[in-house]
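Asks:
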Amino acid sequence: MATLLEIEGLKTQFFTSAGTVKAVDGVSYTVEQGETVAVVGESGCGKSVTALSILRLIPWPPGRIIDGHIRFDNKDLLSLDEESMREIRGRDIGMIFQEPMTSLNPVLSIGLQLTETLVTHLAITQEAAQRRAVELLEMVGISEPNRRLKQYPHHLSGGMRQRVMIAIALSCEPKLIIADEPTTALDVTIQAQILELMKDLTRKLNVAMIIITHNLGVVARYADRVNVMYAGKIIESGSANDIYHDPKHPYTLALLKSIPRMDQARQAKLDPVEGQPPDLTKLDDGCAFRPRCRYAIDRCNADFPLLEQVGEGHFSACWEKDKLDTTLAEAS
Amino acid sequence: MTPSVEPAVRDDSQYRGTHSEEILVDVKDLRMYFPVTEGAIISRVVAEVKAVDGVSFFIRRGETLGLVGESGCGKTTTGRCIIRLENPTDGKIVFHGQDLTELSQKQLIEARQKIQIIFQDPYSSLNPRMTIGDIIGEPMQVHGIIPDPVKRNNRVRELLTVCGLEVGFADRYPHEMSGGQRQRVGIARALAMDPEFIICDEAVSALDVSIQAQVINLLEDLREEYGLTYLFIAHDLSVVRHICHRVAVMYLGHMVELAECDVLFDNPMHPYTQALLEAVPIPDPDVEHDREHKIIKGEIPSPINPPSGCVFHPRCPLAVGGCKTEVPDFREVEPGHWVACTEV
């Protein structure tokens, strides 16, 4: 497989009156062609800002990408002019956002929103775009596509709107789709439908996907590789199996111990990480997780641990990574 | 139709805590219909949303009953009816032998001291202009429990400590706190009235997983310490399995299944419960790899115009001809296990 996307040393900061927020602080990862990569972490860990940085959608002011490289399909995205960047957004890289109500324009018909993308990027006629739009709606499982094209977002349910978003994202046959919490706003039976649809379509069309989520179950079901983020940095990265069965970072371990399992009878009480995530304006040189970490040593105060290989394709940023007690409270 | 009392035998009762056989809350055939009106000046009722349509269950003292289902199934409305934030259209809610639906406003105020509610959104359920101390102290002042401000302040500080917050938070405002801390304030406010029964309406849903686990543990500790009874309304089935003794599943205003927690999760009988459990992804790639993903088709119909007969029949893989016309009874198919389906 060839590398489709390569992010290297990305730093995105927001300059606010309360101080500089280091939202993304030296993130590097790659996405191979046709692969599904998950980025997991809790609110404010920088997972969405990383995705917006790839698309260069960070609003200035107050935000700015201050360092790093993003190579996509042999192009350096950070040095492209705005015009060429617009050609990539929506054509080569599709986007699916969390809130299908706010990411579709409420005053434009579904048909217009779908054909707009097609006409802009593929330089086809309105009639051809119309035919393609019908095909796309059929592909994402929307019945009566001709009638739906004339409808507006408020006529559709949340699940239907997310199907329309997927149709728009796939409309120009992109190489990569970035899905930011695509099913968080949906009910669980609808979530299962949408995720299954996304998996089928990305496999069939060989589209790579970055799925950003806080739901560890979704990651286990759909991701090939997983990046775990905490306070603007990737702290562990590996295959889904590595992350779930052999975690090598105390934060990953703590996350897994914090979630109850629906498929097993209840055992002991949950074993959560104490404390709160750090204030991103007050980060120092040490490891950001150390105030909440059970394995912290003196070295963690001064030295930030870099990602180091712990197995094939498995990396962890922790000085004590070999000393973790990985017997999970609720391991099967 | 009142479910009979079944002795609950659990091997892991030491973890979830024990409960007595005494029935504390008994809900009988609860109905809540909201009118849909049309016309701005002369408004008339054109339809009814049957948010809750004939729901019966009971909760034992010291027990946690989970109430699960997807959006619009009526689980939140059920909770709001019990504490009379809504006036139910029909049905009985017996608490301590008293039917809450028949109480006058004055009697209700008294009865409500023993029933409290914790809301989902810790951002909108705390008044941004009040200090944390005032938020927690207000119910004690209103109900005249502790009229003396100094004593009340001491009690506020005690409650903050019980809920894992520093006493210094009493002088701060909600915006200075994180979501998890605010939810602890919501819990402290509920505890201020020394309640017997707390309705947790999606109380941990808005929190990040590490914070969610802290709050779940707090709720469990408080249940043990004060002998509380919970109605735990949630859509996250993993959390429900962890915290609840028994679980009730709702769909479109109806209760479709109710059973002991492990029985419901290990042996779901109603096709909707089965579909719901199937849809939840398990955080283990091996389990997910071996699982057959049967995805249920279709969406939840509108409660304004619900399907005839069994409300689940348009999406049901087991549906037969009779399901279109016949409303299935909520019947006890094995001791303590209730299912509303004719095909089980």
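Residue numbers (our numbering), protein chains in the order written: chain W, 930 to 1261; chain C, 12 to 355. Beta carbons are placed, not taken as given, at the ideal position from N, Cα and C, and that holds for glycine.
On a CA-only basis, which of PHE130/C, VAL161/C, ILE128/C, HIS154/C is nearest GLY144/C? Give me that one, please.
Replies: Of PHE130/C, VAL161/C, ILE128/C, HIS154/C, the residue nearest in Cα terms is VAL161/C.
Asks: Report, in whole angstroms, the separation of the C-beta atoms of LYS1079/W and GLY1023/W, which I expect to be a contact under 8 Å.
Replies: Incorrect: roughly 24 Å between the Cβ atoms, too far for contact.
Asks: For VAL1136/W, name the three-state secondary structure that DSSP assigns.
Replies: Here VAL1136/W sits in coil by DSSP.
Asks: First and last residue of the beta strand (DSSP E) that includes TYR1180/W?
Replies: TYR1180/W -> not in any beta strand (DSSP E); alpha helix (DSSP H) instead, spanning 1179-1187.
Asks: Would you list the one or two residues that DSSP bridges to ASN1156/W?
Replies: VAL968/W, SER1166/W, per the DSSP bridge assignment.
Asks: When Cβ atoms are compared, which residues of the stretch 953-976 of chain W fall closer than 8 Å to chain C?
Replies: Going along the stretch 953-976 of chain W in chain order, one finds GLU971, SER972 with a Cβ nearer than 8 Å to chain C.
Asks: Within this structure, are the beta carbons of THR87/C and PRO99/C separated by less than 8 Å?
Replies: Not closer than 8 Å, so no.
Asks: With a threshold of 16 other CB atoms inside 10 Å of the CB of GLU1056/W, please say whether the residue is buried or exposed.
Replies: That one is exposed.
Asks: Please list the segments of the beta strand (DSSP E) lying wholly inside the stretch 1008-1047 of chain W, counting only runs of 3 or more residues, in order along the chain.
Replies: For the stretch 1008-1047 of chain W, whole beta strand (DSSP E) runs of length 3 or above, ordered along the chain, are 1022-1025.
Asks: For GLU337/C, name the three-state secondary structure that DSSP assigns.
Replies: The answer is coil: DSSP assigns GLU337/C none of H, G, I, E or B.
Asks: Can you look up CYS974/W in the DSSP assignment and give me helix, strand or coil?
Replies: Looking at CYS974/W - three-state DSSP - the assignment turns out to be coil, as it is neither helix nor strand.
Asks: Indicate whether at least one CB of chain C lies closer than 8 Å to the CB of ASN1170/W.
Replies: So yes, ASN1170/W belongs to the interface.
Asks: Provide the residue span of the alpha helix (DSSP H) that contains SER249/C, from first to last.
Replies: Where SER249/C is concerned, the enclosing alpha helix (DSSP H) stretches over 248-254.
Asks: So what does DSSP say about MET204/C, is it helix, strand or coil?
Replies: If DSSP states are grouped into helix, strand and coil, MET204/C belongs with coil.
Asks: From ALA203/C to HIS246/C, what distance separates their C-alpha atoms?
Replies: Those two C-alpha atoms are separated by around 27 Å.
Asks: With a floor of 3 residues, list each beta strand (DSSP E) that falls wholly inside the stretch 204-245 of chain C, ordered by position along the chain.
Replies: 208-212, 240-245, all fully within the stretch 204-245 of chain C.
Asks: Does any residue of chain C have a CB that is nearer than 8 Å to the CB of HIS1084/W?
Replies: Chain C, which has no Cβ nearer than 8 Å to the Cβ of HIS1084/W, makes this no.
Asks: Does the Cβ of SER1187/W have 16 or more other Cβ atoms within 10 Å, making it buried, or fewer, making it exposed?
Replies: Buried, since its Cβ has 16 or more Cβ neighbours within 10 Å.
Asks: Does DSSP classify ARG302/C as helix, strand or coil?
Replies: Note: ARG302/C maps to coil in three-state DSSP.
Asks: For THR1268/W and CYS1216/W, what's the separation of their Cα atoms in angstroms?
Replies: In the structure displayed, chain W extends from 930 to 1261; residue 1268/W sits before or after that span and is not available.
Asks: For GLY265/C, does the count of other Cβ atoms within 10 angstroms reach 16, so buried, or fall short, so exposed?
Replies: Position check: residue 265/C holds His in this sequence, whereas Gly was assumed. So HIS265/C counts as buried.
Asks: In chain W, which residues lie less than 8 Å from VAL178/C when you measure between Cβ atoms?
Replies: Under the 8 Å cutoff, chain W gives no residues; its nearest Cβ is about 18 Å from VAL178/C.
Asks: Closest Cβ-Cβ distance between TYR1173/W and chain C: below 8 Å?
Replies: Yes, because at least one Cβ of chain C sits closer than 8 Å to the Cβ of TYR1173/W.
Asks: For TYR1081/W, I'd like the list of residues in its chain whose CB is within less than 8 Å of its CB, leaving aside the five on either flank, ordered along the chain.
Replies: Closer than 8 Å at the Cβ level, and outside the excluded window around TYR1081/W, lie PRO1035, VAL1036, LEU1037, SER1038, ILE1039.
Asks: Could you give the distance in angstroms between the alpha-carbon of ALA351/C and the alpha-carbon of ARG342/C?
Replies: Approximately 6 Å between the Cα atoms of the pair.
Asks: Using a 10 Å radius around the Cβ and a threshold of 16 neighbouring Cβ atoms, would you call VAL153/C buried or exposed?
Replies: Exposed, since its Cβ has fewer than 16 Cβ neighbours within 10 Å.
Asks: Could you name the residues of the stretch 219-240 of chain C whose beta carbon sits closer than 8 Å to any beta carbon of chain W, in the order they occur along the chain?
Replies: For the stretch 219-240 of chain C, which is checked against every Cβ of chain W, the residues closer than 8 Å are ASP219, VAL220, SER221, ILE222, GLN223, ALA224, GLN225, ILE227, ASN228, GLU231.
Asks: Whole angstroms is fine: what's the gap from VAL1155/W's alpha carbon to LYS1128/W's?
Replies: Each residue's alpha carbon lies about 16 Å from the other.
Asks: In angstroms with no decimal places, state the Cα-to-Cα distance between THR1118/W and SER1086/W.
Replies: When rounded, the distance between both Cα atoms is 13 Å.
Asks: The stretch 1123-1142 of chain W: which residues have C-beta closer than 7 Å to a C-beta of chain C, in chain order?
Replies: Cβ contacts with chain C come from GLU1125.
Asks: Can you grab the Cα-Cα spacing for the pair HIS1050/W / CYS1101/W, in whole Å?
Replies: Looking at the two C-alpha atoms, the distance is approximately 7 Å.
Asks: So, is the C-beta of LEU1184/W closer than 8 Å to a C-beta in chain C?
Replies: Interface residue, yes.
Asks: Counting contacts by CB-CB distance shorter than 8 Å, is LEU287/C in contact with chain W?
Replies: So, interface residue.
Asks: Mark LYS1162/W as exposed unless 16 or more other C-beta atoms lie within 10 angstroms of its C-beta, in which case mark it buried.
Replies: Buried is the call here.
Asks: Can you list, in chain order, the residues of its chain with a C-beta nearer than 7 Å to that of ARG183/C? Leave out the 5 residues immediately preceding and following it.
Replies: Same-chain partners within the cutoff: THR142, ILE143.
Asks: What are the partner residues of GLY1240/W, as DSSP defines its beta bridges?
Replies: Beta-bridge pairing links GLY1240/W to HIS1243/W.
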